[in-house]
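Protein chains in written order, with my numbering: chain H, 456 to 803; chain P, 456 to 803.
Number of protein chains: 2
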Amino acid sequence: MASTASHQSSTANRQWRLRNRPVGIVDGDTFELTECPVPQPREGEFCVRLIFLSLAPVMRAYIVDGGVIEERLPIGSVMRGRGVGEVIASHHPGFAVGDIVHGPFGWQDYAISDGSGRVLKLNARVGSSSLALGALGLTGFTAYFGLFDIGRPTAGDQVLVSGAAGGVGSVAGQLARIAGCRTVGTCGGRDKSRWIVDALGYDAAIDYRGADLASAIREALPDGIDIYFDNVGGALLEAAIDHIRNDGRIVVCGSISQYLSGEDKRGPSNYFDLVYRNARMHGFHIYHYENRFREAEERLATWIEEGRLAPAEDRRSGFETMPEALRGLFESANFGKCVVQIGDDPLA
Amino acid sequence: MASTASHQSSTANRQWRLRNRPVGIVDGDTFELTECPVPQPREGEFCVRLIFLSLAPVMRAYIVDGGVIEERLPIGSVMRGRGVGEVIASHHPGFAVGDIVHGPFGWQDYAISDGSGRVLKLNARVGSSSLALGALGLTGFTAYFGLFDIGRPTAGDQVLVSGAAGGVGSVAGQLARIAGCRTVGTCGGRDKSRWIVDALGYDAAIDYRGADLASAIREALPDGIDIYFDNVGGALLEAAIDHIRNDGRIVVCGSISQYLSGEDKRGPSNYFDLVYRNARMHGFHIYHYENRFREAEERLATWIEEGRLAPAEDRRSGFETMPEALRGLFESANFGKCVVQIGDDPLA
């Protein structure tokens, strides 16, 4: 078969390992592809056959500086990242063969786990198992807690979401609509602008590559912004502060515009305007909400079943494409949550 | 009498008017001193004889760019600013001769008012009428709502207050202590550092002019910061974010470090660390709390009566000193709320 190289065999475990830390985004020299035998679980462990691997902009930080939460990945290690897979062997009382689980399994075909590191079972089976990396996984939970707990929307609120076509943004905008808000999203390019309105139900789109941001925001949100759900930072964050309304909430979720700038990190120079609007910026991290993941999964699954939430997935195929797919996130190539299929999905 | 120049006469109304917008802080050419007859109130108005005038760093913004809330003061106008005085003539049903009132009366001996612009009566008479500009006026109210409503202290919280020797900071630190918090203040110079501990009851002081800020904060607050009450911005805000604890609150109240920097305004470059700490920055403005001023006045007055709150006042004397006193705020010259006495106080 022509696709042999892309699919798992039962004897080899392909792995992407870190070769060099990137200076720019990610290049051909950042990772190397290796093989080793499929690992066997010991007592208290289980083995997962990976079906989908997740990609998110923050993953670049793992290999550059680790971010604040994660350790920096050592050279030679298997690249860190979440995946969803099927338990194929288990000596762990909490995980049975056949369970669909998602967790920090890394860029490989097979992973051994003891359940630590926020390994979760996919309980709500309302679609492909890839949803465990998108709307029904940490991505969707981030949108859920960010919007509802931090943003606290009420019907009629004017909501701006940046990175609206991304994994978190594509869910956050739909949740804001479910909450009865008017939603505007920012994204890169005309095609995406059309897509977030047509496919995700945003009321309006702003192409950040296009016209003057300030006037585009003023036009799309003439009464100002009640909630700004920020995945981008930088100039967009400043423009949003300029248009924030009294009692406005800024949900600080991501800052993709800053992930590559190294030493030139910048805060919003107009942050003090928060004073004049009684507005606030809330940072939050999804790990903080760990004891409420089940609640998020249930509600998100219900909305999917009801047809009110359309999980937007940009699905690639082939283990070999991982580095390129990570790079693509920074070039605004993805429409929705980016996942790479590397094995057969029993839920499909 | 030698002091005649400093005191009111019954026939002349001295006024400080804006002559030139300052480039630096304030210089000898910024204001000019003029005289006119004492004004007479018409129907619906009353006349106030000013006793004390207030000084605060934000006042420089009125003459430079107006800030966001206030209009920029036109050249030739009487300098804007709050004062406290005695009603000496009234054709207004809400204000009687003898009332002690505080409001935006400007830099002059006598003012006509129709009660607009947040003219308040001093109800709680627990000291000199100057308290209406400090602990029992907008200054104290700002500390009160900023700490309690925005900061939400609980006993045992670690609180850092910048500008701790200033008008707002000198009250905020004492309120944090009343709330059972451990309080650390930043200020400029050794004398002030000693003073905020001895006179205001701060647990520790950090001289921002002295050693490395980061290590000073780490030493004074080894477990990190739960509440940062910020009157300063700039490097101090960044250092505080570096030491914020999980669920930390940053009360954005002032930014004196930024008031003079013109185009070079900066936001905290590490603002995104709020994400890793689930921390937040709240801007607030005292006008937002207008319908609760009475509550603040009553509670603050009670704490003063009980000896738990010591209003810290840096009292100057003489109308001629106003421009110099304003300048002094930016040179960190004041110990506590800066007021200038320009007339006799019936409460003294």
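Even glycine gets a Cβ: it sits at the ideal position worked out from N, Cα and C.
Under the three-state DSSP convention, the category residue i falls into
i	result
H:A460	With a pLDDT of 41 at H:A460, under the threshold of 50, the predicted position of this residue should be treated as unreliable, though the coordinate-derived value follows. Of the three classes helix, strand and coil, the one that applies to H:A460 here is helix, per DSSP.
P:L802	coil
H:A587	helix
P:D484	coil
H:L473	strand
H:D681	strand
P:I530	coil
H:A544	strand
P:L510	strand
P:D702	strand
P:R763	coil
P:A694	helix
P:I524	coil
H:A788	coil
H:I555	strand
H:H740	coil
H:R537	coil
H:L602	helix
P:C502	strand
P:I661	strand
H:A619	coil
Within chain H, partners of residue i - CB distance below 7 Å
i	result
P:G688	F727
P:G582	Correct list: empty, because the minimum Cβ distance to chain H is about 29 Å.
P:I672	Going along chain H, no residue has its Cβ under 7 Å from P:I672, so there is no contact; the nearest lies around 18 Å.
P:H743	N733
For residue i, the first and last residue of its enclosing beta strand (DSSP E)
i	result
P:K720	No beta strand (DSSP E) contains P:K720, which DSSP labels as neither H nor E.
H:Y565	565 to 568
H:T776	Taken as a continuous stretch (DSSP letters only), H:T776 belongs to no beta strand (DSSP E), as it is neither H nor E.
P:G640	637 to 642
P:L615	613 to 616
Within 7 Å, strictly: CB atoms of residue i and residue j
i	j	result
H:T641	H:V623	no
H:G628	H:L591	no
H:R476	H:E487	no
P:M514	P:G538	no
H:L692	H:V639	no
H:A734	H:I699	yes
P:I705	P:Y726	no
H:R664	H:G643	yes
H:R474	H:E490	no
H:V626	H:G595	yes
H:C502	H:I530	no
H:A620	H:F774	no
H:A694	H:L668	yes
P:M777	P:W562	yes
CB-CB length for residue i against residue j, believed under 8 Å
i	j	result
P:E500	P:S585	No, P:E500 and P:S585 are not in contact; Cβ-Cβ is about 25 Å, not under 8 Å.
P:I741	P:F560	Between P:F560 and P:I741 the Cβ distance is about 18 Å, and since that is not below 8 Å, they are no contact.
P:L577	P:G558	Not quite, the Cβ-Cβ distance comes to about 11 Å (not below 8 Å), so this is no contact.
P:G589	P:P766	5 Å
P:D681	P:V614	7 Å
H:S583	H:D800	6 Å
H:G738	H:V687	So it is not a contact: roughly 14 Å between Cβ atoms.
H:W758	H:I633	6 Å
Boundaries (first-last residue) of the alpha helix (DSSP H) holding residue i
i	result
P:T757	748 to 760
P:Y517	514 to 519
P:I622	Sequence check: residue 622 of chain P is Gly here, not Ile. Segment 622 to 633, the alpha helix (DSSP H) holding P:G622.
H:Q713	711 to 714
P:A669	668 to 675
P:W562	Counting along the chain, P:W562 falls outside any alpha helix (DSSP H), and DSSP gives it neither H nor E.
H:V687	It is not in any alpha helix (DSSP H) - H:V687 carries neither H nor E in the DSSP assignment.
Contacts of residue i in chain H (Cβ-Cβ under 8 Å)
i	result
P:H546	Simply none; closest approach about 35 Å.
P:K720	S724, N725, F727
P:I524	Y731
P:V707	Y726, F727, L729, V730
Within chain P, the residues that residue i reaches when beta carbons sit closer than 7 Å
i	result
H:S710	F727
H:A734	G738
H:Q713	F727
Chain P residues whose Cβ lies nearer than 8 Å to that of residue i
i	result
H:Y565	By Cβ distance, chain P contributes nothing, its closest Cβ being about 31 Å from H:Y565, past 8 Å.
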